[in-house]
Amino acid sequence: MAPILVVGASLAGLSALDALRTAGHDGEVIVVDAAPELPSDRPPLSKQVLAGTMEPEAAHQPLANRLAELDAEIRFSTSATALDAATRTVTFADGTAITAEGIVLAMGASPRRLPGGELAGVHVVRTLADSLALRRDLTASPNRVAVIGAGFIGAEVAATCRGLGLEVTMIEAAPVPMVRVLPSAIGGFVADVHRDHGVDVRLGVGVSGLLADGDRVRGVELADGSVIDADVVVVGIGVVPSVDWLEGSGVPVGNGITCDETCLAAPGIVAAGDVAEWFNPHFGERMRVEQWEHAIEHGAAAGRRLLAGDDGEPFGSVPWFWSDQYDRKLQMAGRPAADDEVVMLDGTVEERRFVAGFRRGDRCTGVLGVNRPRHAIQARMRLVESLNWAPIRDLFT
Amino acid sequence: MGVDMKVVVNFDLCESNAVCMGIAPEVFEVRDDDFLYILQEEPAEELRGKVEEAARRCPKQAITVED
Ligand SMILES: Cc1cc2nc3c(=O)[nH]c(=O)nc-3n(C[C@H](O)[C@H](O)[C@H](O)COP(=O)(O)OP(=O)(O)OC[C@H]3O[C@@H](n4cnc5c(N)ncnc54)[C@H](O)[C@@H]3O)c2cc1C
Ligand code: SF4
Numbered sequence: 021m022a023p024i025l026v027v028g029a030s031l032a033g034l035s036a037l038d039a040l041r042t043a044g045h046d047g048e049v050i051v052v053d054a055a056p057e058l059p060s061d062r063p064p065l066s067k068q069v070l071a072g073t074m075e076p077e078a079a080h081q082p083l084a085n086r087l088a089e090l091d092a093e094i095r096f097s098t099s100a101t102a103l104d105a106a107t108r109t110v111t112f113a114d115g116t117a118i119t120a121e122g123i124v125l126a127m128g129a130s131p132r133r134l135p136g137g138e139l140a141g142v143h144v145v146r147t148l149a150d151s152l153a154l155r156r157d158l159t160a161s162p163n164r165v166a167v168i169g170a171g172f173i174g175a176e177v178a179a180t181c182r183g184l185g186l187e188v189t190m191i192e193a194a195p196v197p198m199v200r201v202l203p204s205a206i207g208g209f210v211a212d213v214h215r216d217h218g219v220d221v222r223l224g225v226g227v228s229g230l231l232a233d234g235d236r237v238r239g240v241e242l243a244d245g246s247v248i249d250a251d252v253v254v255v256g257i258g259v260v261p262s263v264d265w266l267e268g269s270g271v272p273v274g275n276g277i278t279c280d281e282t283c284l285a286a287p288g289i290v291a292a293g294d295v296a297e298w299f300n301p302h303f304g305e306r307m308r309v310e311q312w313e314h315a316i317e318h319g320a321a322a323g324r325r326l327l328a329g330d331d332g333e334p335f336g337s338v339p340w341f342w343s344d345q346y347d348r349k350l351q352m353a354g355r356p357a358a359d360d361e362v363v364m365l366d367g368t369v370e371e372r373r374f375v376a377g378f379r380r381g382d383r384c385t386g387v388l389g390v391n392r393p394r395h396a397i398q399a400r401m402r403l404v405e406s407l408n409w410a411p412i413r414d415l416f417t
Numbered sequence: 520m521g522v523d524m525k526v527v528v529n530f531d532l533c534e535s536n537a538v539c540m541g542i543a544p545e546v547f548e549v550r551d552d553d554f555l556y557i558l559q560e561e562p563a564e565e566l567r568g569k570v571e572e573a574a575r576r577c578p579k580q581a582i583t584v585e586d
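From first to last, the protein sequence lines are chains A and B.
Heads up, the first sequence is in my numbering, so the first residue is 21 and it goes up one at a time.
Heads up, the second sequence is in my numbering, so the first residue is 520 and it goes up one at a time.
Spelled out as structure tokens, the structure:
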């Protein structure tokens, strides 16, 4: 029988492999990744590894220790360059090809860049190499670090840089930080936390360009004409799903790979993790989630789906993520929209320790806990049961 | 058959994010002081699935299950 092919050896891809083995699939599985070695676990790359408080080797993926027992052939430095969905044939950069019984597409996403991104001193943070390169520049006593984008990666990098005692300016085009994950009514809190810690926060202003001194960056010019002198610039303006090579493949691509509610993108082809958009029946919405735990659960569901033939189970989920900034731990369950109502359920924003619920009519679209792990997880457990607002409110009365 | 499993948490790694509690509340509890407490160090065999799931999903990889 032809092998099962997994493209991407990170959280989603390896979790799919694990699920195949757990379900008893004992046929051949080949996993390929464009990276030269097993991708590291990514969350520490903007936190402990960047801060220098965790050895790079310690930042390994959950399944790294169990790879051998998962009994797959893993090929690194192997980029998939073309797919024919009809025959399930994937071609690689070296010209070889594999025709597979089933395919898991788990290519994740790669950071958006700015023009001038090739200048020395300009960084993105996605891989261990990115994090170590940025760390080298941070330890060379820069005068100022400019962080472009106040999404969760930008906000974490800004916090880590302040922890290293560096001067930081964080620039965000939107009026509040973390706009893509948090309702705007709560985003101001994130800006305040950074200001408390001495970050120069610039909101609602875009970047018009990077300024160079030879081949090294020397600053950032903002749309309002002002200039931030900075010898290190970190670009955290979001990611693009890694789908270029799927053009003309027969696999539908829109906001990432377009899947049905069972993770299926085409017959015998599933997709999971950052790269995949699917219909989440629990929310009744299509979504693409760029979060750690989601990649694991989605990958497992996709692996099981491949073995299920015609009757795959829908994958319903309540996404969950955490973000560490200074001594604050943000944990969010759900998927709120930017204009959802924000209801304080416990604590206060002033204490910097609270639980906020996000509400749309009778529905709770998400819960954010700040230094409230117990409550955040309890709320998540309720949301897994239902998205009704009342049981969430009752948890806190 | 055999000996019970033993749940060990590396508290140097654990950051009390309570993911484990969401999966196996019988075994793991993060209290209002924000610390993780292990309610049963040697849980019954029928909890193995949940405990292993918690170990797998712990973002800090702080949980090990010993036999
Ligand atoms: C710095 C950083 C910090 C983060 N912090 C948090 C956090 O605190 N909390 C949280 O919930 N989430 C966090 N995340 C998000 C989380 O790490 C991602 O959602 C997760 O890594 C997605 O996993 P994935 O398997 O879908 O994709 P990825 O991890 O992106 O892996 C995809 C793999 O596919 C490979 N690939 C791509 N194209 C090809 C191709 N054509 N051929 C072969 N291989 C290919 C790539 O080399 C890569 O190894 C963070 C991410 C980053 C970058
Ligand atoms: S999931 Fe892991 S890090 Fe979180 S509380 Fe449990 S043991 Fe600690």
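No residue lacks a Cβ here, since even glycine has one placed at the ideal position from N, Cα and C.
Remember, predicted model here, so these are calculated numbers, not experimental data.
**OP:** May I ask you to list the residues that DSSP assigns as paired with residue 343(A)?
**Re:** Looking at the DSSP output, residue 343(A) bridges to 350(A).
**OP:** Can you tell me which of 532(B), 584(B) and 553(B) puts its alpha carbon nearest to the alpha carbon of residue 568(B)?
**Re:** The shortest C-alpha separation from residue 568(B) is found at 584(B).
Original post:
What are the start and end residues of the beta strand (DSSP E) that includes residue 312(A)?
Top reply: Taken as a continuous stretch (DSSP letters only), residue 312(A) belongs to no beta strand (DSSP E), being part of the alpha helix (DSSP H) at 312-327.
Subject >> Inter-residue CB distance, residue 35(A) and residue 319(A) (contact presumed, cutoff 8 angstroms) >> reply: Contact holds; Cβ gap of about 3 angstroms.
Subject >> DSSP-derived helix/strand/coil call for residue 520(B) >> reply: Interpretation of residue 520(B) is limited by its pLDDT of 47, a score under 50 that renders its predicted location unreliable; the figure taken from the coordinates is listed afterwards. Assignment of residue 520(B) by DSSP, reduced to helix, strand and coil, places it in the coil class.
**OP:** Examine chain A for any beta-carbon lying closer than 8 angstroms to the beta-carbon of residue 529(B), and answer yes or no.
**Re:** No, its Cβ sits nowhere closer than 8 angstroms to a Cβ of chain A.
Subject >> Pair within 8 angstroms by beta-carbon distance, residue 393(A) and residue 537(B) >> reply: Going by C-beta atoms, residue 393(A) is nearer than 8 angstroms to residue 537(B).
**OP:** Report the rounded CA-to-CA distance for residue 563(B) versus residue 523(B), giving the unit in angstroms.
**Re:** Taken atom to atom, the span from the alpha-carbon of residue 563(B) to that of residue 523(B) is near 7 angstroms.
Subject >> Selection of the segment 544-561 of chain B by Cβ proximity to chain A, strictly under 7 angstroms >> reply: Against chain A - using a Cβ distance shorter than 7 angstroms - the residues of the segment 544-561 of chain B are 549, 550, 551 and 553.
Original post:
Within 8 angstroms (strictly less), CB to CB, does residue 540(B) reach chain A?
Top reply: At least one CB atom of chain A sits nearer than 8 angstroms to the CB of residue 540(B).
**OP:** Counting only the same chain and skipping the five closest in sequence on each side, list residues whose C-beta sits under 6 angstroms from that of residue 237(A).
**Re:** The residues are 139, 141, 142, 230 and 253.
Original post:
Who are the Cβ neighbours of residue 529(B) in its own chain at under 7 angstroms, not counting the five residues just before and after it?
Top reply: Taken in chain order, the residues that qualify are 581.
Original post:
Between the segment 113-129 of chain A and the segment 65-83 of chain A, are three or more C-beta pairs nearer than 8 angstroms?
Top reply: With the cut-off at 8 angstroms, the segment 113-129 of chain A and the segment 65-83 of chain A do not touch.
**OP:** Indicate whether at least one CB of chain A lies closer than 8 angstroms to the CB of residue 537(B).
**Re:** Cβ-Cβ to chain A under 8 angstroms: yes for residue 537(B).
Original post:
Under the criterion of a Cβ to heavy atom distance below 7 angstroms, does residue 554(B) qualify as lining ligand 2?
Top reply: Taking 7 angstroms as the cut-off, the C-beta of residue 554(B) does not count as close to any heavy atom of ligand 2.
Original post:
So is the beta-carbon of residue 578(B) under 7 angstroms away from any non-hydrogen atom of ligand 2?
Top reply: Checking every heavy atom of ligand 2 against the Cβ of residue 578(B), one is found closer than 7 angstroms.
**OP:** Compute the distance between the beta-carbons of residue 300(A) and residue 343(A), then report whether it is under 8 angstroms.
**Re:** By the CB criterion at 8 angstroms, residue 300(A) and residue 343(A) fall outside the cutoff.
Subject >> Unbroken stretches of the alpha helix (DSSP H), 4 residues or longer, contained in the segment 23-94 of chain A >> reply: Taking only runs of at least 4 residues, the alpha helix (DSSP H) segments lying wholly in the segment 23-94 of chain A are 31-42 and 68-71.
Subject >> Start-end ranges of the alpha helix (DSSP H) lying completely within the segment 142-213 of chain A, minimum 4 residues >> reply: Those alpha helix (DSSP H) runs which fall completely within the segment 142-213 of chain A and span 4+ residues are 148-158 and 172-183.
**OP:** Would you kindly work out how many angstroms separate the C-alpha atoms of residue 375(A) and residue 316(A), rounded to a whole number?
**Re:** Here the alpha carbon of residue 375(A) sits roughly 26 angstroms from the alpha carbon of residue 316(A).
Original post:
Helix, strand or coil: how does DSSP classify residue 418(A) here?
Top reply: With chain A running from 21 to 417 in the structure shown, residue 418(A) is simply not present.
Subject >> Near ligand 2: residue 527(B) beta-carbon under 7 angstroms from a heavy atom >> reply: False, no ligand heavy atom lies under 7 angstroms from that Cβ.
Subject >> Sequence-distant residues of its chain with Cβ nearer than 7 angstroms to residue 96(A) (five each side left out) >> reply: When the five nearest sequence neighbours on each side are left out, the beta carbons in the same chain lying within less than 7 angstroms of the beta carbon of residue 96(A) are those of 53, 55, 56 and 57, in order along the chain.
Original post:
Would the beta-carbon of residue 539(B) be found less than 7 angstroms away from any heavy atom of ligand 2?
Top reply: Yes, Cβ of residue 539(B) sits closer than 7 angstroms to a heavy atom of ligand 2.
Original post:
Mind checking whether the beta-carbon of residue 533(B) lies closer than 7 angstroms to any heavy atom of ligand 2?
Top reply: Within the cutoff, so yes.
**OP:** Identify the contact partners of residue 576(B) in chain A, using a Cβ-Cβ distance below 9 angstroms as the criterion.
**Re:** For the C-beta of residue 576(B), the chain A residues within less than 9 angstroms are, from N- to C-terminus, 82, 313, 316 and 317.
Original post:
Around the Cβ of residue 46(A), are there at least 16 other Cβ atoms within 10 angstroms (buried) or fewer (exposed)?
Top reply: Exposed is the call here.
Subject >> Which of helix, strand or coil DSSP assigns to residue 569(B) >> reply: In the structure shown, residue 569(B) falls within a helical segment according to DSSP collapsed to helix, strand and coil.
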